[in-house]
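Here is the structure we will look at.
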Amino acid sequence: MKKLVSVFFMSTLLCACNNENEKKEQIENDNVKFYSRVWEVAINEGRVNILDTAYAIDVVLHSVPEIKGKDSVKAYYANYVSGFSNREFIVKEIFAKGDKVVKYWQFKGLHSGTFFGIPATGKSVDVIGCTIAKVVAGKIVEEQDFFDNYAFLQQIGIIH
Numbered sequence: 001m002k003k004l005v006s007v008f009f010m011s012t013l014l015c016a017c018n019n020e021n022e023k024k025e026q027i028e029n030d031n032v033k034f035y036s037r038v039w040e041v042a043i044n045e046g047r048v049n050i051l052d053t054a055y056a057i058d059v060v061l062h063s064v065p066e067i068k069g070k071d072s073v074k075a076y077y078a079n080y081v082s083g084f085s086n087r088e089f090i091v092k093e094i095f096a097k098g099d100k101v102v103k104y105w106q107f108k109g110l111h112s113g114t115f116f117g118i119p120a121t122g123k124s125v126d127v128i129g130c131t132i133a134k135v136v137a138g139k140i141v142e143e144q145d146f147f148d149n150y151a152f153l154q155q156i157g158i159i160h
């Protein structure tokens, strides 16, 4: 009888672990699909309104200066849409671990509009970068972008 109880207990424990791992893997897969879709729509399609539902109200974009709040972060990314035509945002690689999503990307475009107060230069940009995001309950709560700002500003002709 002891053996039967032990086998039952171990079977239950293994099933619980497998179910928990499957649930975690499903959340990670859902976060990757969600995050990829958000940037396809926001940048490539130019529909930044998707950020109204993608971001948590108190989202934080770790940049200099740090940007806090859904409306402020949405306005930040809207500059890329209004400042660049022929935009192409390419997700080269993306993966998730727990509530973190890491995206390796490339951004291309023509600086044809005002970008953070910088008048159009007519120059093309092509930069690569990486973003680490935290997604909780289907909302982006935190992001940090890493890319070569110096090269980016050189490409639009602000720095020589």
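Note that the sequence shown covers residues 1 to 160 in this note's numbering. Heads up, the beta-carbon is just placed ideally off N, CA and C, and yes, glycines get one too.
Scanning its chain for C-beta atoms nearer than 8 Å, with the 5 sequence neighbours on each side dropped, one finds around G69 the residues I57, D58 and V59, in chain order.
V136 sits exposed, since fewer than 16 C-beta atoms from the chains shown fall within 10 Å of its C-beta. Secondary structure at D148: coil, using DSSP grouped into helix, strand and coil.
For L51, the CB contacts under 8 Å within the same chain, skipping 5 residues up- and downstream, are V38, A42, K70, V73, K74 and Y77 in chain order. Within its own chain, the residues whose Cβ lies closer than 8 Å to the Cβ of N29, once the five positions on either side in sequence are excluded, are A96, listed in chain order. Annotated three-state conformation of S72 is helix, per DSSP.
Secondary structure note for A133: its beta strand (DSSP E) is the uninterrupted segment S124 to V136. Going by C-alpha positions, T114 is about 14 Å away from L153.
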